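Protein chains in written order, with my numbering: chain A, 1425 to 1724; chain B, 26 to 431.
Beta carbons are placed, not taken as given, at the ideal position from N, Cα and C, and that holds for glycine.
This one's a predicted model, so the numbers in the text were calculated from it and none came from an experiment.
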Amino acid sequence: MEYFLQLFFSGLSKGSVYALIALGYTMVYGIIELINFAHGEIYMIGAFMGLIVAGVLTSLGWPALSILALALVVAVLYSAAYGYTVEKIAYKPLRGAQRLAPLISAIGMSILLQNYIMLAQTPDFLPFPHLIPDLSFMEPYRSYLGTSDLFIVVTSLVTMVALTLFIKFTRMGKAMRATAQNRKMAMLVGVNVDQVISMTFIIGSGLAAVGGVLIASHIGQINFYIGFIAGIKAFTAAVLGGIGSIPGAMLGGLVLGWTESFATGYVSSDYEDVFAFCLLVLILIFRPAGLLGKQRAQKV
Amino acid sequence: MAALTIATNLKKSAIAALWLAFLTMPVMVIRVDTVENTIVWRWMHLVYMLGGSFVLALIWHFMMDRRDRGAAVRESADGEAEGRLSRFVNNPRVLKPMLAFGFIVAAAFPWVFSMYQTNILISALIYVVLGLGLNITVGLAGLLDLGYVAFYAVGAYAYALLNHHFHLGFWTVLPMAAILGSFFGILLGFPVLRLRGDYLAIVTLGFGQIVKLVLENWNDFSYGPSGISNISRPGLFGINYSVENATTYIYYIMLGLVILAIVTTARLKDSRVGRAWLALREDEIACQAMGIDNTRAKLMAFSLGATLAATMGAVFAAKTTFINPASFTFMESAMILAIVVLGGMGSVLGVILGAFLLILLPEYMRAFSEYRMLLFGATMIVVMVFRPEGLIKARRKVYKINTETL
């Protein structure tokens, strides 16, 4: 039972980070129908920002919790700025071009950002400080639920609730939903679509940075390549839940996290990623629009 | 007017440079070591970044102005304006002598240049065929395949394993690899028949990852990450060549295969199947309404593309005599896709040019070895922004009816 709970909670924390990254994919896809391949790299840059802030503040002797808070804030702001800039350089000039062109420039951007971090920082793994302190009241549950797992789940949950409220109730959120439904129509009723797209990238990148800092502090090391596999898995999560759907991305992330965690725990740890992709293939064959996606009839 | 645009461009570039310097500041300037608790400040990098991004932004804005003006001209001139490059190479009076010249150079290459150069050219030729294969799936049939490298791996492992266990020769395995490749193409094709667009992309990506992970982890079958070594080079009726002669030999095999692939794909493009693919790419539903068997056309595109990839896999294994799963990563798939898209989707000549550019450029840029992947990524973005249809635009065959003879 304890083993089960351990797998359950590690799957939950992993899944919520996947969900955080998947939200960026799904929001961008919902609005401009582009797989933003550079999104995983934004997540990686978020983790690096967290590392740099943590390093500087630690040498200044700040207390652990305030370092974590500031690292999160700076990482989110910088990643959001990166997301905004990436859109302006690599995707905006390509609006209206053939469909594969933005995808290729996204792959190019992903390669560019990876190598930029590799050259500016280091190609090796860097140790990441444990920013999340072990709380004493968590002591009795230590064997299956670490403080950092709990912290990751709670932070992701709060972020996702905030996002949902933002999308539901603010003017910007309304404009985003309108643009996702029909971009031309939204333009006609006076939505500034360029602004909406920029905002989507900013929010998505910020969410990825939260995931990046949290998971880096949990695992304890980062390098320039972590964005790639995390990005693919998060995209898998987004497709799993039904791409374009925000609750779908959250559900997809959790399903993916649990699948990986239980499959590695009970079957074999060598094939962790194989399970994720097999799950994806199966779901797409039987429910091509994803778990929460709507099956839309094609107009001719 | 011109002075005004220059002034605004200068201002825009200055703002862009400041913004980029601000963005890159933490990563470029600070390096922390959290174990020793030391921080290195590298302020000089900020200065380089400011200057560099100012110049780049200036060029970027200048090019953007030109691009927008070009677009305006194209729109007013209604009808498709072809780029100068593609008009030049598509002109038969240029094309034919160029092909003859290219063939002579290619035939004489191993006798004139060193073995090192020949080896590089062999890998470029391998990528030409891979590009042509993916061009069938992506360029002609419009099925975005991000796991193409899996078929390449199938061919390479087919030769490596059959050679290792049963000592089968290159020429025996080559057709077997091709058949195995087409089988795998259909195997992937069936489950994804119903998917379209980006779902297809992610499933094929997953398929590629699965193949790589299985090769990495199934030690009894594929010898895991350490791979298979001592694969024999191709022989001819029992003759075993020295390393140098074998390279030349593989080069000529590759040259033959490239010509075969070029002729086949160019002919296929204008055939009944080829036109079915184009129809499929443009509109699946209309295509079905015209009485084209979608399932058949899709499966054929997948399996033909896979056949070429698997054949190349066998050649690759024979050339390097050592393979491991690290050669078959997603980056490889992305590279082949980049060849197709940069060259010009659907255009055979474009794919050849793309393969040479993308394989030879990094090879000869070894002087900047650290920066070459950075430059590679930047090139992909720049080409897509300024030439989204690729270097050479594909030409559709046009049938003209001569009204006078009717």
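Buried or exposed, going by whether 16 or more other CB atoms sit within 10 Å of the CB of residue i?
| i | result |
| --- | --- |
| B/Trp243 | exposed |
| B/Tyr396 | exposed |
| B/Ile40 | exposed |
| A/Asp1697 | buried |
| B/Glu414 | buried |
| B/Ile129 | exposed |
| B/Asn188 | buried |
| B/Gly214 | buried |
| B/Asp103 | In this predicted model, B/Asp103 has a pLDDT of only 44, less than 50, meaning its place in the structure is not dependable; the value taken from the coordinates is given anyway. So B/Asp103 ends up on the exposed side. |
| B/Ser328 | buried |
| B/Tyr276 | buried |
| B/Trp302 | buried |
| B/Ile310 | exposed |
| B/Ala106 | Note that B/Ala106 has pLDDT 49, beneath the 50 cutoff, so the model's placement of it is unreliable and the number below is only indicative. The residue is exposed, with fewer than 16 neighbouring Cβ atoms inside 10 Å. |
| B/Met360 | buried |
| B/Leu377 | As written in the sequence, residue 377 of chain B is Ile, which differs from the Leu given in the question. The residue in question, B/Ile377, is buried, as its Cβ has 16 or more Cβ neighbours within 10 Å. |
| A/Thr1594 | exposed |
| B/Ala32 | exposed |
| A/Asp1548 | exposed |
| B/Gly76 | exposed |
Tell whether a beta-carbon distance below 8 Å holds between residue i and residue j.
| i | j | result |
| --- | --- | --- |
| B/Phe341 | B/Ala202 | no |
| A/Ile1646 | A/Ala1504 | no |
| A/Gly1532 | A/Ile1466 | no |
| B/Ser207 | B/Thr290 | no |
| A/Pro1557 | A/Leu1489 | yes |
| B/Gly369 | B/Leu293 | no |
| A/Ala1673 | A/Thr1450 | yes |
| A/Ala1687 | A/Phe1699 | yes |
| A/Leu1436 | A/Val1577 | yes |
| A/Val1637 | A/Leu1496 | yes |
| A/Ala1713 | A/Ala1443 | no |
| B/Gly330 | B/Gly210 | yes |
| A/Val1705 | B/Val228 | yes |
| A/Met1468 | A/Gly1651 | yes |
| B/Leu71 | B/Ala42 | no |
| A/Leu1524 | B/Val217 | no |
| A/Gln1537 | A/Ile1459 | For the record, residue 1537 of chain A in the displayed sequence is Leu; it is not Gln. Contact flag unset, no. |
How would you write the range of the alpha helix (DSSP H) that residue i sits in, first residue to last?
| i | result |
| --- | --- |
| A/Ile1491 | 1488-1510 |
| B/Gly156 | 140-159 |
| A/Pro1671 | 1670-1690 |
| B/Trp136 | 117-137 |
| B/Phe176 | 174-191 |
| A/Ser1437 | 1426-1456 |
| B/Trp243 | Note, B/Trp243: premise wrong, no alpha helix (DSSP H); not H, not E. |
| A/Val1615 | Per DSSP, A/Val1615 belongs to no alpha helix (DSSP H) and is neither H nor E. |
| A/Met1584 | 1571-1593 |
| A/Gln1522 | It is not in any alpha helix (DSSP H) - A/Gln1522 carries neither H nor E in the DSSP assignment. |
| B/Pro387 | 373-389 |
| B/Glu429 | Element bounds for B/Glu429: n/a, residue is neither H nor E. |
| B/Phe401 | 397-411 |
| A/Lys1657 | 1650-1665 |
| B/Phe355 | 355-368 |
| A/His1463 | 1463-1484 |
| B/Phe341 | 319-345 |
| B/Thr289 | 268-294 |
Would you mind reading off the limits of the beta strand (DSSP E) that contains residue i?
| i | result |
| --- | --- |
| B/Trp196 | Element bounds for B/Trp196: not the beta strand (DSSP E) but the alpha helix (DSSP H), 195-214. |
| B/Thr63 | 63-66 |
| B/Arg15 | Any answer about residue 15 of chain B is impossible in this case: the structure gives chain B only from 26 up to 431. |
Since I believe residue j is in contact with residue i (beta carbons under 8 Å), could you give me their beta-carbon distance rounded to a whole number of angstroms?
| i | j | result |
| --- | --- | --- |
| B/Thr410 | A/Ser1560 | A small correction: the amino acid at residue 410 of chain B is Val; Thr does not occupy that position in the sequence shown. Contact flag wrong, Cβ pair sits at about 55 Å. |
| A/Ile1753 | A/Gly1668 | Absent from the structure is residue 1753 of chain A, since the part of chain A shown begins at 1425 and ends at 1724. |
| B/Arg258 | A/Gln1545 | Contact flag wrong, Cβ pair sits at about 42 Å. |
| B/Ser372 | B/Ala304 | So it is not a contact: roughly 18 Å between Cβ atoms. |
| A/Ile1491 | A/Ile1591 | That pair is no contact at about 31 Å. |
| B/Arg306 | B/Leu165 | 7 Å |
| B/Pro51 | A/Ile1476 | 5 Å |
Report yes if the C-beta of residue i is less than 7 Å from at least one heavy atom of the ligand MG; otherwise report no.
| i | result |
| --- | --- |
| A/Tyr1515 | Among the components modelled here there is no ligand, and therefore nothing to report on the ligand MG. |
Handout entry: Sufficient close CB pairs (3 or more, under 8 Å) joining the stretch 284-300 of chain B to the stretch 356-370 of chain B
Key = no
Handout entry: Cβ pair count under 8 Å reaching 3, the stretch 1495-1512 of chain A against the stretch 1624-1632 of chain A
Key = yes
Practice task
Give a yes or no on contact between the stretch 244-253 of chain B and the stretch 1667-1685 of chain A, applying the rule of three or more CB pairs nearer than 8 Å.
Solution key: no
Handout entry: the stretch 140-153 of chain B touching the stretch 380-387 of chain B, judged by at least three CB pairs closer than 8 Å
Key = yes
Problem - Contact residues within the stretch 377-405 of chain B, judged by C-beta distance below 8 Å to chain C - result: Reference to chain C is not applicable here, since the protein chains of this structure are A and B.
Exercise for the section: Report yes or no: do the stretch 312-323 of chain B and the stretch 120-137 of chain B share at least 3 C-beta pairs separated by less than 8 Å? Expected result: no
Problem - Segment contact, 8 Å Cβ cut-off, at least three pairs: the stretch 1536-1554 of chain A with the stretch 1635-1650 of chain A - result: yes
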